[in-house]
Every structure is written in structure tokens, then in C-alpha cells.
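Participant: Chains as they are written, first to last, in our numbering: chain A, 1 to 98; chain B, 101 to 198; chain C, 201 to 298; chain D, 301 to 398. Yeah, the Cβ is synthetic: ideal placement off N, Cα and C, and Gly gets one too. Predicted model, so just to flag it, every value in this text is computed and none were measured.
Number of protein chains: 4
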Amino acid sequence: MNELLDEAGFELHIRPLIDDDWKLSESPTAIEKEYKFKSFIEAFSWMTKCAIWAEKLDHHPEWFNVYNKVKVKLTTHDVGGLSIKDGTLAKKMDSLAE
Amino acid sequence: MNELLDEAGFELHIRPLIDDDWKLSESPTAIEKEYKFKSFIEAFSWMTKCAIWAEKLDHHPEWFNVYNKVKVKLTTHDVGGLSIKDGTLAKKMDSLAE
Amino acid sequence: MNELLDEAGFELHIRPLIDDDWKLSESPTAIEKEYKFKSFIEAFSWMTKCAIWAEKLDHHPEWFNVYNKVKVKLTTHDVGGLSIKDGTLAKKMDSLAE
Amino acid sequence: MNELLDEAGFELHIRPLIDDDWKLSESPTAIEKEYKFKSFIEAFSWMTKCAIWAEKLDHHPEWFNVYNKVKVKLTTHDVGGLSIKDGTLAKKMDSLAE
């Protein structure tokens, strides 16, 4: 079951993402990042990898794509904020984009 | 080369889409639609088909996905409004969603 | 952990697939089916859905695609034959192809 | 329209691929290569990029996937051998795998 991260959990799972260009947003608390790729094909192929992982983790992004750019927003709706799953999916998305 | 649709072109290529739940928006002129699928997997698989067609037509959507919903916005940036390509991609997206 | 299906398991999980055009093959025991779609795009989009499920189930097909056809072979390598996972993935592939 | 490559065309478009691990096969003449990726997800994401290009070029591979491996065979059916399209798709597949 998902749980809202407490302060220690936030420091452990979310804080390091801020250094990797993720930004905090509010209402509800979420993390957001914009990725840029070489082409639409590279962007969409990355989305395919993330889509497979999203289903495996049972945690899905809100994401917006136009041409080679993808804007991602992660939050955990059933807890009304950030859970450990947001940290896990964010790290996975970063590593798949390398 | 893309050209802005004139009134006759608009009536021919865009007007019929309004009956298929596409909505006009402005600045620049664009058409928008929200699709809803049975699951994230069905939504993403439809996006894959659309992505292949977008590359074939060399015309790409602005689209936003969260779980089983996809919001699409089509416009032709280099003419600052709607071209025949928006009509073509919109019809294709509709037929791929059936 | 995967287990080789015994006779009762085979009757329950594999036998019904034979009526849905799956065929048995040997060395090791496997089930095979050929799917035909309207186009390459439809074939590949179905493969995308199956790929997501394959990762979720942690069980992957051997599959061959040319244009609108996909030949699938399912077996469970670590048990040297058929396990319940082959039945599960086969049924999923059939339902995604409908 | 597709044309069978003559000897000069073969030297120009196919010969360099032999150095990149493509192999010639016969009946009909074709080129084949096996790619290996880090994971099923990486393999399938590469297939997605190739699928988009295949549709753009209107030239489709015969390909076989099991887990992280993809075996590709390229030939041009309507000329009964190799055409320039096989060279183009092969080079594209190599560059997408880098």
C-alpha cells in the first residue's frame, strides 16, 4: 500500500532528485522534469521504455509530449502527495534517458 | 509545403471533425480532443500507432497522457494555424482509436 | 518459482488453448500460434501490448514478425517445458488480439 | 520502384555492411544480423524505433526476438533479392542500436 513520505523519506527518496533537475510543485505535492531528446523517435522510444516500467511498478506518470520534448509530473493520487513510488519511477526514468 | 487552410479548406477538412468531438481552440488556431481507453496499456498502444503515423506524415501532435486518458492538440506551427495535415492526422487518430 | 505442469495442470491451463489455434511442439514442449493483422502497424502495436505484459509477468515470448504476421512460441526454459506462465501469457495474447 | 542491386550497387550499399557484422544468405539473397541488448526492454525499445523507420521507408524486416536478442533478415520480396532499401534500413538499424 502506498504511504505519504514523511520528512526522512522525503530527504532519502526525493531530495537527491532535485539535484537531477526535478522540481517540486504543489497541490498536490509532485515532482516535475522536462526531458529533451534528439528527435521525436528517440523521445517516443524512451516513453515506450518508461511505459513498460510504469506498468511493472503499477505507477503511471502524467506526461506531455511535443516533438522531441517530454514533460513529466509524478505524484501519488491515492495518498495526495509523494510516495516512495514517485522516487522509484523518477530514478528509473532518469536512468532510461541516459 | 504546408499552407494555412482557407475557409473552403476549413469546411472540407476540419468542419467534419467537430462532429467527431474535436474542439477548436485559439492562439494559434488548433483542434483538440480527449480520448479515453480501457487501460493504460490500451492508451499507450494507441499512442504507438499514432506515433508511427505522425512520423510517416511528418506531423506531430502535442499530447498529454495520464493513465487511460490522452488529450491531443493539433496545429501546424510553421503556418501559425491549421493546415490539411491537421485534418489528416486527426482523422487517422480517430480511426486508430476505433 | 516456475513448475512444469503435470497432466491435470496441462488439461486445465493448456488444453483450452488448443481450441484457440495454439499448437503443441516438442523439444522442449512448447505452444505456438500465428497471428495475422490488418497491417504492420496493427501487428507491431499488438506486440507492444504483449511486450508490456511479458515484462509484468516476467515471462517472454519467442516471436517472429514479418509485415502483418507474428509467429509466437511459448515455453518455460528453466523448467524445460510448459508452466502455468505459458498458459497465462497465451490467454493474454489472445485477448489483446481481439 | 525497387530495383535489384547490380554489382556496383552491391559494392556501394551492401559490402560495407559485411564489415558491420551483417552476413549474406541466399534464396533469395538477403542480409542478416543478430543484435544483443542489455535487457528485453532495451531490445523492444530498439524494435520500436526500427518499426517507425520501417514504416517511413515502407520497407519491413523479418525479425525474431527472444528476450534481449533480435535476429534481423532483410530482403526485397518484389525484386527477389537485395535493393537499395535493404542497405538503407540496415544502416539505420545499426545507428539506432548504438
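Taking 8 Å as the threshold (beta carbon to beta carbon), is C:A256 in contact with chain A?
Facilitator: What you label residue 256 of chain C is simply residue 56 of the third sequence in a count that begins at 1. The displayed chain sequence assigns Lys, not Ala, to residue 256 of chain C. Judged by the 8 Å Cβ criterion, C:K256 is in contact with chain A.
Participant: Pair every Cβ in the segment 157 to 173 of chain B with every Cβ in the segment 129 to 139 of chain B, then say whether three or more of these pairs are closer than 8 Å.
Facilitator: The segment 157 to 173 of chain B is in contact with the segment 129 to 139 of chain B.
Participant: Checking 8 Å against the spacing of the C-beta atoms, do A:K92 and A:A30 come in under that value?
Facilitator: Locating residue 92 of chain A in the first sequence gives position 92, where the first residue counts as 1. Locating residue 30 of chain A in the first sequence gives position 30, where the first residue counts as 1. Contact flag unset, no.
Participant: Flag this pair as touching only if the segment 117 to 127 of chain B and the segment 317 to 333 of chain D have three or more C-beta atom pairs under 8 Å; answer yes or no.
Facilitator: They do not touch, by the three-pair rule.
Participant: By the DSSP assignment, the alpha helix (DSSP H) with C:W253 in it spans what residues?
Facilitator: Translated into the one-based positions of the third sequence, residue 253 of chain C becomes position 53. Run containing C:W253: 240 to 257, per the alpha helix (DSSP H) assignment.
Participant: Could you name the residues of chain A that B:Y167 contacts, counting a contact when the two beta carbons are closer than 7 Å?
Facilitator: Residue 167 of chain B sits at position 67 when you count from the first residue of the second sequence. Chain A residues near B:Y167: H60.
Participant: Taking only three categories from DSSP, how would you classify A:E11?
Facilitator: By 1-based counting over the first sequence, the position of residue 11 of chain A is 11. Three-state result, A:E11: helix.
Participant: Suppose contacts are defined by Cβ-Cβ distances below 8 Å. Is D:K349 in contact with D:L317 by that definition?
Facilitator: The residue given as residue 349 of chain D occupies position 49 in the fourth sequence. The residue given as residue 317 of chain D occupies position 17 in the fourth sequence. No, Cβ-Cβ distance for D:K349 and D:L317 is not below 8 Å.
Participant: For D:D319, count neighbouring Cβ atoms within 10 angstroms of its own Cβ and tell me buried if that reaches 16, exposed if not.
Facilitator: Reading the fourth sequence from its first residue, position 19 is the one you call residue 319 of chain D. Flag for D:D319 reads exposed.
Participant: Would a check of beta-carbon distances place D:T348 closer than 8 Å to chain A?
Facilitator: As a position in the fourth sequence, residue 348 of chain D is number 48, starting the count at 1. Judged by the 8 Å Cβ criterion, D:T348 is in contact with chain A.
Participant: By the 10 Å Cβ neighbour count, where 16 or more other Cβ atoms means buried, how is A:D58 classified, buried or exposed?
Facilitator: Walking along the first sequence from the start, residue 58 of chain A turns up at place 58. Looking at its Cβ environment, which holds fewer than 16 other Cβ atoms inside 10 Å, A:D58 is exposed.
Participant: Return the Cβ separation of D:W363 and D:L389 in integer angstroms, given the expectation that the two are a contact with Cβ distance under 8 Å.
Facilitator: As a first step, residue 363 of chain D must be located in the fourth sequence, where it is residue number 63. As a first step, residue 389 of chain D must be located in the fourth sequence, where it is residue number 89. With a Cβ gap of about 11 Å, D:W363 and D:L389 do not count as contacting.
Participant: Across which residues does DSSP place C:F264 in a beta bridge pair?
Facilitator: Within the third sequence, numbered from 1, the residue matching residue 264 of chain C stands at position 64. Answer is C:K271, D:F364.
Participant: Using DSSP with H/G/I as helix, E/B as strand and the rest coil, what is A:S95?
Facilitator: The residue you call residue 95 of chain A lines up with position 95 of the first sequence. A:S95 falls in the helix class under three-state DSSP.
Participant: Closer than 7 Å by beta-carbon distance: list the chain C residues that pair up with B:S145, in chain order.
Facilitator: In the second sequence, residue 145 of chain B corresponds to position 45, counting from 1. The contacting residues are S245, T248, K249.
Participant: Classify C:T276 as helix, strand or coil using the three-state DSSP reduction.
Facilitator: In the third sequence, counting from the first residue as 1, residue 276 of chain C sits at position 76. In this structure, C:T276 counts as strand in the three-state DSSP scheme.
Participant: List, in chain order, every chain A residue whose beta-carbon is nearer than 8 Å to that of C:I252.
Facilitator: The residue labelled residue 252 of chain C in the question sits at position 52 within the third sequence. Under the 8 Å cutoff, chain A gives A51, I52, E55.
Participant: Can you look up A:L89 in the DSSP assignment and give me helix, strand or coil?
Facilitator: Taking the first sequence and counting its residues from 1, the one referred to as residue 89 of chain A is at position 89. Correct three-state label for A:L89: helix.
Participant: Following the continuous beta strand (DSSP E) through A:S25, name the residue where it begins and the one where it ends.
Facilitator: Looking up residue 25 of chain A in the first sequence gives position 25. Where A:S25 is concerned, the enclosing beta strand (DSSP E) stretches over 23 to 25.
Participant: Within 8 Å of any Cβ in chain E, is that where the Cβ of A:I14 sits?
Facilitator: Here chain E cannot be found, since the structure's protein chains are A, B, C and D.
Participant: What's the C-alpha gap between D:M301 and A:T75?
Facilitator: The sequence position of residue 301 of chain D within the fourth sequence is 1, counting from 1. The sequence position of residue 75 of chain A within the first sequence is 75, counting from 1. Cα to Cα, the separation comes out at about 52 Å.
Participant: Count the other C-beta atoms from every protein chain shown that fall within 10 angstroms of the C-beta of B:L112, then say buried if there are 16 or more, exposed otherwise.
Facilitator: Counting from one through the second sequence, the residue named residue 112 of chain B turns up at place 12. It counts as exposed.
Participant: How is the beta strand (DSSP E) around D:E334 delimited, first residue to last?
Facilitator: Residue mapping note: residue 334 of chain D aligns to position 34 of the fourth sequence, counting from 1. That run of the beta strand (DSSP E) goes 330 to 336.
Participant: Just to confirm, is the Cβ distance from A:E32 to A:W46 under 8 Å?
Facilitator: Taking the first sequence and counting its residues from 1, one reaches residue 32 of chain A at position 32. Taking the first sequence and counting its residues from 1, one reaches residue 46 of chain A at position 46. Result no, Cβ atoms of A:E32 and A:W46 do not sit closer than 8 Å.
Participant: What in chain D is Cβ-close to A:I41, meaning under 7 Å?
Facilitator: Translated into positions along the first sequence, residue 41 of chain A becomes position 41. In chain order: K349, I352.
Participant: At a Cβ threshold of 8 Å, is B:F164 touching chain A?
Facilitator: Taking the first residue of the second sequence as 1, we reach residue 164 of chain B at position 64. B:F164 counts as touching chain A.
Participant: Whole-angstrom Cβ separation of A:E55 and C:K256, contact assumed at under 8 Å?
Facilitator: On the first sequence, residue 55 of chain A is found 55 positions in, with the first residue counted as 1. On the third sequence, residue 256 of chain C is found 56 positions in, with the first residue counted as 1. That belief holds up - the Cβ atoms of A:E55 and C:K256 are roughly 6 Å apart, short of 8 Å.
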